[in-house]
Amino acid sequence: MPRQKRRDLPQEVPVAVVFDGTTLAVMMATPNDIADFAHGFALSEGAITDLTQIEAFEIATHDQGIEARFWLCEDRAEALAQRRRTLAGPVGCGLCGIDSLEQALRPLPRVTGDHLRLIPAEVAAATDALRPHQALHARTHATHAAGFLHPKRGITLLREDVGRHNALDKLVGALLRSGVDPALGAVVMTSRLSVELVQKCAYAGVPALIAVSAPTGQAVQLAEDAGITLAACARGGNFDLYSHAYRISDAG
């Protein structure tokens, strides 16, 4: 028999990321931590490389959605032209609207973070460690999370959204705005590992990516090329390791 259920539902609204008066992307996102989302999107999509390139930032709320407005230094105009997006992106896709096929698999920077070491027990328990921090998911059972795992300290920062790419952008933005070096820890995701997540971590300088589900073949190849440690299917005390295994060792 059908049953009537009252539960909080997550919201999703159009969020336009605007640079110097021009919209770079419109994404459907959960309307919390918008400043983190916008800054993370700007960094992980190559619009900026650090906060000093932002001259001003504001959030404008409209009946139809939200605008996150940046004003940048002049030298970022060319980078923006190369990474321009023009179409709205749904929550399930991180590549919608890219103007050329070459941009979908653009060359990635090589991640450093060679000093990061995680012990296997930390990685195996990483996705379980997210749950106490997932307040929105506890109410709705309908959001993804991206958390920052610091060795020996556990999950120190977490962001949620209906879209896994948005959750990662929010986390990247929170790290950037709080001055936390991404090279000091790993990102933990409540999703499969796709190409876009690896790309965002590479641009943010994240040396390790851990997820509850499996990666795609292309994601593994990109992680190998970018110097990112990729651990997947991390649940039930186990995990699979796909690239740059030296960062995960009992000797760490």
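For what it's worth, our numbering labels the leading residue of the sequence shown as 11, then goes sequentially.
Cβ atoms here follow ideal geometry from the backbone N, Cα and C, with glycine treated the same way.
No experiment lies behind these values; they were computed from the predicted model shown.
Kindly confirm or deny that the stretch 67–87 and the stretch 42–51 touch, where touching means at least three C-beta pairs closer than 8 Å.
Cβ pair count under 8 Å is three or more, so yes.
Just list the residues that DSSP pairs residue 80 with in beta bridges.
Taking the sequence shown and counting its residues from 1, the one referred to as residue 80 is at position 70. Bridge partners of residue 80: 29, 67.
Using 8 Å for Cβ pairs, my map puts residue 252 next to residue 236. What's the rounded Cβ distance?
The residue given as residue 252 occupies position 242 in the sequence shown. The residue given as residue 236 occupies position 226 in the sequence shown. About 13 Å; that fails the 8 Å criterion.
Check this for me: beta carbons of residue 201 and residue 229, under 8 Å apart or not?
Taking the sequence shown and counting its residues from 1, one reaches residue 201 at position 191. Taking the sequence shown and counting its residues from 1, one reaches residue 229 at position 219. No, these two residues do not count as a Cβ contact at 8 Å.
When the Cα atoms are used, what is the spatial distance from residue 147 to residue 166?
Taking the first residue of the sequence shown as 1, we reach residue 147 at position 137. Taking the first residue of the sequence shown as 1, we reach residue 166 at position 156. Rounded to whole angstroms, the gap between the alpha carbons of residue 147 and residue 166 is 18 Å.
Could you tell me the distance, in whole angstroms, from the CA atom of residue 219 to the CA atom of residue 27?
As a position in the sequence shown, residue 219 is number 209, starting the count at 1. As a position in the sequence shown, residue 27 is number 17, starting the count at 1. For the pair residue 219 and residue 27, the Cα-to-Cα distance works out to about 26 Å.
Please work out which residues of its chain come closer than 6 Å, Cβ to Cβ, to residue 233, disregarding the five sequence neighbours upstream and downstream, and give them in chain order.
Residue 233 sits at position 223 when you count from the first residue of the sequence shown. Around residue 233, the same chain offers 208, 240, 253 as residues with beta carbons nearer than 6 Å, after the five sequence neighbours per side are excluded.
With the cut-off set at 8 Å, would you say residue 244 and residue 137 are in Cβ contact?
On the sequence shown, residue 244 is found 234 positions in, with the first residue counted as 1. On the sequence shown, residue 137 is found 127 positions in, with the first residue counted as 1. For residue 244 and residue 137, yes; Cβs fall inside 8 Å.
Per-residue burial, residue 179 [other beta carbons within 10 Å of its own, 16 or more giving buried]
Residue mapping note: residue 179 aligns to position 169 of the sequence shown, counting from 1. Classification for residue 179: buried.
Find out if the Cβ-Cβ distance for the pair residue 186, residue 61 is shorter than 8 Å.
Locating residue 186 in the sequence shown gives position 176, counting from the first residue. Locating residue 61 in the sequence shown gives position 51, counting from the first residue. Cβ distance < 8 Å, so residue 186 and residue 61 count as in contact.
With residue 172 and residue 197 assumed to form a contact (beta carbons below 8 Å), what rounded beta-carbon distance in angstroms separates them?
Counted from its first residue, the sequence shown places residue 172 at position 162. Counted from its first residue, the sequence shown places residue 197 at position 187. Going by Cβ atoms, the distance from residue 172 to residue 197 rounds to 18 Å, so no, they are not a contact pair.
Identify every residue that forms a DSSP beta bridge with residue 169.
Reading the sequence shown from its first residue, position 159 is the one you call residue 169. Paired residues: 156.
Please report how far the alpha carbon of residue 221 lies from the alpha carbon of residue 199, in whole angstroms.
Counted from its first residue, the sequence shown places residue 221 at position 211. Counted from its first residue, the sequence shown places residue 199 at position 189. Taken atom to atom, the span from the alpha-carbon of residue 221 to that of residue 199 is near 5 Å.
Which same chain residues, not among the five before or five after residue 67, have their C-beta less than 6 Å away from its C-beta?
Counted from its first residue, the sequence shown places residue 67 at position 57. The answer, listed in chain order, is 80.
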